[in-house]
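Numbering (our numbering), first residue to last: 471 to 910. Every residue gets a Cβ at the ideal spot worked out from N, C-alpha and C, and that includes glycine.
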């Protein structure tokens, strides 16, 4: 059966907008994805006492998720290009839900590490799948918004997940049962994803022909590379741009994953907050991150409609993101007031989450048959930061005994994120007003 015959939506009347339901689904799945990751960080104050874990061992456990996550980014991107997001995402949900649940059966540090490695392996293709869906479901002019709508699920998942997990541990009086409950919930979502997602608009029965035509017309400028029957050689973008993207994303990841994995411990140890207060503070910090994420995408579109070039709009927003993050994190190193600390972390989260715009780059810069690979490489750099930063923070804490040096390190990483962003090549092709199109 051809792809066109799979679509049974009405061919007349008002065009559907089902592409945004696809990205709302990805938003929700990314929220659950990050909720599952934050679970261990929230539970660590209990887990470290039960298993007598040193700061360095805690860092290794928090890092272990990213060992397999980073290693499988490029293979995960290949799977997406080969088999499509629908199959890959569905399988990933069942897999990571299983490993999340068995963390509740851990008997010590080693078993926690093994379960987290499995969790990382199963979650590896999820974020690049959003870039892959963006290349087939959105027009060039919608990919900035698509990127931030999808990626805003990450800080929201941390925000809501922090409260849910903290209160589940308190109500159930068991971090173990909490992991099992969260894991089973994730596995159920696999059925939900299979029902909603499709690899292309022509495959979904709820998408009208008008919407299909609209998406196709909005991608005409990129058709020269995508229409060729010959496979793309290499990545389809320059290695200078790819390395700049990876440097910027990795530096951003040092800050993001550092705050996500060690943030609850910072609030507990350096600011003296109790578990319920940590959950509430985490919610405030990352809900501000969600707001910053959405603001950046919609404001970038607004600037373009006002005549600002995409090169200037994107680099300006991302540079402001890094520079504000640098200043706030450096200032935070000397703060001893818990309320002020949470307030400054909220400001840092708002601006640093402008980095979600990075997820528009694979679909914008790469040919369609290389979007998964480019997204995988970008997220591999981010994941390598996730590997290193929990360990580095643990070592810094063990050597210095305080979080001041940690926060200064995060400020330096924010500066490197700005530098990497400024090195990305955004040579723009002539396009219609309001459309995103960049030189391949």
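In this chain, residue 893 is not harboured by any alpha helix (DSSP H), its DSSP state being neither H nor E.
Put simply, the backbone Cα of residue 645 is about 5 Å away from that of residue 639. Taking 8 Å as the cut-off, the beta carbon of residue 489 is found closer than this to the beta carbon of residue 681. Annotation for residue 542: no alpha helix (DSSP H) segment contains it, and DSSP assigns it neither H nor E. Within the model, the alpha-carbon separation for residue 504 versus residue 510 is close to 11 Å. When the beta-carbon positions are compared, residue 815 and residue 755 come within less than 8 Å of each other. Rounded to whole angstroms, the separation of the alpha carbons of residue 773 and residue 890 is 22 Å. In the three-state scheme derived from DSSP, where H, G and I count as helix and E and B as strand, residue 577 is classed as coil.
A Cβ-Cβ separation of about 12 Å leaves residue 589 out of contact with residue 564 under the 8 Å criterion.
The beta-carbon separation of residue 869 and residue 803, rounded to 16 Å, does not stay under the 8 Å limit for a contact. For residue 734, the enclosing alpha helix (DSSP H) covers residues 709 to 739. Annotated three-state conformation of residue 643 is coil, per DSSP.
Burial state of residue 833 is buried, judged by a 10 Å Cβ sphere holding 16 or more other Cβ atoms.
The C-alpha of residue 710 is placed about 20 Å away from the C-alpha of residue 786.
If you draw a straight line from the Cα of residue 673 to the Cα of residue 631, it comes to about 33 Å. DSSP places residue 775 in the helix class (H, G or I) of the three-state scheme. Close CB contacts of residue 537 within its chain, under the 7 Å cut and outside five residues either way in sequence, are with 587, 590 and 857 (chain order).
Nearest to residue 791 by alpha-carbon distance, out of 809, 732, 718 and 835, is 718. C-alpha of residue 616 to C-alpha of residue 519: approximately 42 Å in a straight line. By the C-beta density criterion, residue 668 is buried, having at least 16 other C-beta atoms within 10 angstroms.
In this chain, the alpha helix (DSSP H) harbouring residue 504 covers 488 to 521.
By the Cβ test, the segment 539 to 552 is not in contact with the segment 879 to 886, since fewer than three Cβ pairs between them sit closer than 8 Å.
In this structure, the alpha-carbon of residue 817 lies about 43 Å from that of residue 675. Residue range 679 to 687 is occupied by the alpha helix (DSSP H) that includes residue 679. Following the DSSP letters along the chain, one finds residue 570 inside the alpha helix (DSSP H) bounded by residues 555 to 572. For residue 868, the enclosing alpha helix (DSSP H) covers residues 841 to 870.
For residue 584 and residue 507, the gap between their C-alpha atoms comes out near 15 Å.
Taking C-beta atoms as the reference points, residue 627 and residue 501 count as a pair closer than 8 Å. With the rule of 3 Cβ pairs closer than 8 Å, the segment 821 to 833 does not count as touching the segment 513 to 528.
A buried status is given to residue 601, since no fewer than 16 other beta-carbon atoms sit within 10 Å of its beta-carbon. Taking 8 Å as the cut-off, the beta carbon of residue 598 is found no closer than this to the beta carbon of residue 562.
In its chain, beyond the 5 residues on either side, 495, 499, 556, 559, 560 and 563 have a beta carbon closer than 8 Å to the beta carbon of residue 663.
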